[in-house]
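All remarks here apply to the structure that follows.
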Amino acid sequence: MLVTLFWSCEKELDTEGLSRITTFADIQVTGDELAIVTLGQPYTDPGATAVENGKSVTVTTEGEVDVNTAGIYTITYSATNSDGFPNEASRLVAVLPPLPDEVKNMDLSGQYVRTGNFATVEKLADGLYYMTNVGGLAAPSPIVGVYFLHTGPTTIDVPHQPTSVGGLQCLSETLSPDGNSFSWRVVEDQLTYFNASSIRAFSKVKQPTIRYE
Numbered sequence: 025m026l027v028t029l030f031w032s033c034e035k036e037l038d039t040e041g042l043s044r045i046t047t048f049a050d051i052q053v054t055g056d057e058l059a060i061v062t063l064g065q066p067y068t069d070p071g072a073t074a075v076e077n078g079k080s081v082t083v084t085t086e087g088e089v090d091v092n093t094a095g096i097y098t099i100t101y102s103a104t105n106s107d108g109f110p111n112e113a114s115r116l117v118a119v120l121p122p123l124p125d126e127v128k129n130m131d132l133s134g135q136y137v138r139t140g141n142f143a144t145v146e147k148l149a150d151g152l153y154y155m156t157n158v159g160g161l162a163a164p165s166p167i168v169g170v171y172f173l174h175t176g177p178t179t180i181d182v183p184h185q186p187t188s189v190g191g192l193q194c195l196s197e198t199l200s201p202d203g204n205s206f207s208w209r210v211v212e213d214q215l216t217y218f219n220a221s222s223i224r225a226f227s228k229v230k231q232p233t234i235r236y237e
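Under this note's numbering, think of the first position of the sequence shown as 25, with each following residue one higher.
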């Protein structure tokens, strides 16, 4: 990745608006960027590698995974180039509890609507989903995606996780027995975009029935 950096020099240098090109370290996460672990099972992170101009760069790893607590954990890999500029990449690790058959056989994926605004839910694994619009908002408001856990017939959990607007989690989560509606409150670390007291309810969009004569 090439980035051009600009700064103003001292006037006595008789040169202003100098530019310089620096190459950020290219970080490659080893394996999948989303790892799934069963509660209580050991997890060994495969790490990451970094290269700058064809040469290996030291990678620093931060973050821990508590395999005894269900949730979504972030492992961050960072590397600094020869000019002192850092770059980073990350892996999410989802720790899932043992799931009842009702959850394994239930599929929450589909399109949902909240106050006329749409969101898509994708099933990644039994008990793990990705949702494209946690706030159920419309542009130009932030459209923020999150991962959530489906742990019981009427139980979902949006654990704290990094997003495009910073860290957030959801509280007061509910799920209807038929899986066709759910609700939650979005709580950001920075309290910038979402009203933390607002209950956001989503309903699954019913697909039209096609009849063949």
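Glycine residues also receive a C-beta, built at the ideal position from the N, C-alpha and C atoms.
Every value quoted in this text rests on a predicted model; they were computed, and no experiment measured them.
Relative to the C-alpha of Ala74, which candidate in Thr84, Thr68, Gln65, Thr179 has its C-alpha closest?
Against the sequence shown, residue 74 aligns to sequence position 50. Of Thr84, Thr68, Gln65, Thr179, the residue nearest in Cα terms is Thr84.
Which first and last residues belong to the beta strand (DSSP E) in which Glu126 is found?
Within the sequence shown, residue 126 is the residue found at index 102, counting from 1. In the DSSP annotation of this structure, Glu126 is not part of any beta strand (DSSP E); the continuous alpha helix (DSSP H) holding it starts and ends at 125-128.
Would a C-beta distance cut-off of 7 Å place Ala113 and Ile51 closer than the cut-off?
The residue given as residue 113 occupies position 89 in the sequence shown. The residue given as residue 51 occupies position 27 in the sequence shown. Against a cut-off of 7 Å, the Cβ pair of Ile51 and Ala113 comes out as a contact.
Would you check if the distance between the CB atom of Gly169 and the CB atom of Arg138 is smaller than 7 Å?
Taking the sequence shown and counting its residues from 1, one reaches residue 169 at position 145. Taking the sequence shown and counting its residues from 1, one reaches residue 138 at position 114. Not a contact, by the Cβ cut-off of 7 Å.
If you measure between the beta carbons of Val91 and Val119, is that distance less than 7 Å?
Within the sequence shown, numbered from 1, the residue matching residue 91 stands at position 67. Within the sequence shown, numbered from 1, the residue matching residue 119 stands at position 95. With contacts defined as CB atoms closer than 7 Å, Val91 and Val119 qualify as a contacting pair.
If we require 3 or more residues per run, which beta strand (DSSP E) segments fall completely within the segment 168-212?
Correct list: 170-176, 179-181, 192-199, 205-212.
If you scan the segment 43-95 from start to end, which runs of the beta strand (DSSP E) of 3 or more residues do you find wholly inside it?
Here the runs fully enclosed are 50-53, 58-62, 72-76, 79-81, 84-86.
Alpha carbon to alpha carbon, how far is Ile96 from Pro110? Give it in angstroms, no decimals.
As a position in the sequence shown, residue 110 is number 86, starting the count at 1. As a position in the sequence shown, residue 96 is number 72, starting the count at 1. Here the alpha carbon of Pro110 sits roughly 25 Å from the alpha carbon of Ile96.
Hey, could you find the ends of the beta strand (DSSP E) Thr139 is sitting in?
Position 115 of the sequence shown, counted from the first residue, corresponds to residue 139. Judged by DSSP secondary structure, Thr139 falls outside any beta strand (DSSP E); it is assigned neither H nor E.
Pull up the distance between the alpha-carbon of Pro186 and that of Val117, whole angstroms please.
Here residue 186 is taken as the residue at index 162 of the sequence shown, counted from 1. Here residue 117 is taken as the residue at index 93 of the sequence shown, counted from 1. Going by the C-alpha atoms only, they are around 12 Å apart.
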